[in-house]
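J.:
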Amino acid sequence: MSEQQTGEQDAYAGDVAPGGPAQTRTAGCLRVTKVAVDPEMSNNCYLLRCEDTGDQVLIDAAAEPERLLELIGDGGLTTVVTTHQHWDHHRGLSAVVEATGAEVVVGTPDADAVTEQTGVTVTRSVEHGDTVAVGSCTLDVIALAGHTPGSVALLFEDAERGDGRAHLFTGDSLFPGGPGKTAGPAEFTSLMDDLEARVFDRLPDGTWFYPGHGDDSTLGDQRPQLGEWRARGW
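What follows is the structure, encoded as structure tokens:
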């Protein structure tokens, strides 16, 4: 790890605010940049850059496309992943795709809704177990039905060059303090079942997760609260 990368790691805390600076860290072959947009909704957007090839993927073109395009810079953008269909996570999608020509990736059950709301054609719909390439790096798609039918999280692991952590981008399905909001008890049960089986039962405590709003956390910090979340209900 270079001196610059060490400084980035030391500076990264995951607590960004709309209008404030982005934060960047290096995770194996990926460089992760987190920025918050829109003072009202305070959405997080994540730009992932492959350190080997320079290819870039954006997770949630939520708002402020001018700022996102400035962040993308001259490196271009291969893909935008929209984690779910809710309006606040794709307000900048049309402008970003028009400017970059990036492909648009959405969980299959949410794909039609994203197109209806944005006018943007979804070029690839994904299911649980699919992958998304960031240059030579790979993101695993984890479907987490509940907040919306097609919500997805994206998992990155780099055993050879990584920092010893898994990195998980959860959209609005998982936050510090609980799962994302659901419309009713059936959706809540679905989300909790998926979170336990596909996230907490699979991944270690050191897994760092990056939500769609607010600060980051680790699975280890949240795991003791799973029973409380179940009991609390939707």
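Numbered per this note's numbering, the sequence shown spans residues 50 to 283. From the three backbone atoms N, C-alpha and C, an ideal C-beta is built for every residue, glycine too. Please read these numbers as outputs of a predicted model, since none were measured by experiment.
From this set, 182, 209, 110 and 117, which residue's C-alpha is nearest residue 167's C-alpha?
T.: To locate residue 167, count along the sequence shown from 1; it is residue 118. Closest option to residue 167, Cα to Cα, is 110.
J.: Can you list, in chain order, the residues of its chain whose CB lies under 7 Å from that of residue 105, leaving out five sequence neighbours each side?
T.: As a working note, residue 105 is residue 56 in the sequence shown. So the list reads 96, 97, 98, 121, 124, 125, 126 and 127, once near-sequence residues are dropped.
J.: Could you check what DSSP says for residue 228 in three-state terms: helix, strand or coil?
T.: Numbered from its first residue, the sequence shown carries residue 228 at position 179. Strand, per DSSP.
J.: Mapping the DSSP letters down to three states, classify residue 161 as helix, strand or coil.
T.: What you label residue 161 is simply residue 112 of the sequence shown in a count that begins at 1. Three-state result, residue 161: helix.
J.: Does residue 177 come out as helix, strand or coil in the three-state DSSP assignment?
T.: Position 128 of the sequence shown holds residue 177. Looking at residue 177 - three-state DSSP - the assignment turns out to be coil, as it is neither helix nor strand.
J.: For residue 136 and residue 163, I'd like the C-alpha separation in whole angstroms.
T.: Looking up residue 136 in the sequence shown gives position 87. Looking up residue 163 in the sequence shown gives position 114. Between residue 136 and residue 163, the C-alpha separation is close to 8 Å.
J.: Extract the residue ranges of the beta strand (DSSP E) inside the segment 69-102, only unbroken runs of 3 or more that lie entirely within it.
T.: The qualifying runs are 72-76, 79-86 and 92-99.
J.: Closest by CA to residue 255, which one among 234, 244 and 215?
T.: Here residue 255 corresponds to residue number 206 of the sequence shown, with the count starting at 1. That would be 215, whose Cα lies nearest to the Cα of residue 255.
J.: Which of helix, strand or coil does DSSP assign to residue 238?
T.: Counted from its first residue, the sequence shown places residue 238 at position 189. Helix, per DSSP.
J.: Counting Cβ pairs, one atom from each stretch, are 3 or more of them under 8 Å apart for the segment 256-273 and the segment 217-229?
T.: Taking 8 Å as the limit for Cβ pairs, the verdict is that the segment 217-229 does touch the segment 256-273.
J.: Does residue 155 come out as helix, strand or coil in the three-state DSSP assignment?
T.: Position 106 of the sequence shown, counted from the start, is the residue given in the question as residue 155. In this structure, residue 155 counts as strand in the three-state DSSP scheme.
J.: On the CB-based measure, 16 or more other CB atoms within 10 Å of its CB, does residue 194 come out buried or exposed?
T.: For the purposes of this step, residue 194 is identified with residue 145 of the sequence shown, where counting begins at 1. Per the 10 Å Cβ criterion, buried.
J.: Below 8 Å on the Cβ atoms is my guess for residue 199 versus residue 133; work out the distance and round it to an integer in Å.
T.: The sequence position of residue 199 within the sequence shown is 150, counting from 1. The sequence position of residue 133 within the sequence shown is 84, counting from 1. The Cβ separation is near 6 Å, so the contact holds.
J.: Per DSSP, residue 204 forms a beta bridge with which residues?
T.: Along the sequence shown, read from residue 1 onward, the residue named residue 204 stands at position 155. Answer is 189 and 217, bridged to residue 204.
J.: Using only the alpha-carbon positions, how far apart do residue 67 and residue 83 sit?
T.: Locating residue 67 in the sequence shown gives position 18, counting from the first residue. Locating residue 83 in the sequence shown gives position 34, counting from the first residue. Each residue's Cα considered, the two are about 11 Å apart.
J.: Suppose the cutoff is 6 Å on Cβ atoms and the five residues either side in sequence are ignored; what does the same chain contact list for residue 190 look like?
T.: Mapped onto the sequence shown, residue 190 falls at position 141. Hits under 6 Å: 175, 179 and 201.
J.: Closest to residue 234 by C-alpha separation, out of 204, 278, 107 and 78, would be which residue?
T.: The sequence position of residue 234 within the sequence shown is 185, counting from 1. It is 278 whose Cα lies nearest to the Cα of residue 234.
J.: Does DSSP put residue 51 in a helix, a strand or coil?
T.: Working through the sequence shown from its first residue, we reach residue 51 at position 2. Unreliable placement is indicated for residue 51, whose pLDDT of 43 sits below 50; no coordinate value is reported for it.
J.: Starting from residue 128, trace the alpha helix (DSSP H) both ways and give me its first and last residue.
T.: Residue mapping note: residue 128 aligns to position 79 of the sequence shown, counting from 1. That residue, residue 128, is in no alpha helix (DSSP H); its beta strand (DSSP E) goes 128-131.
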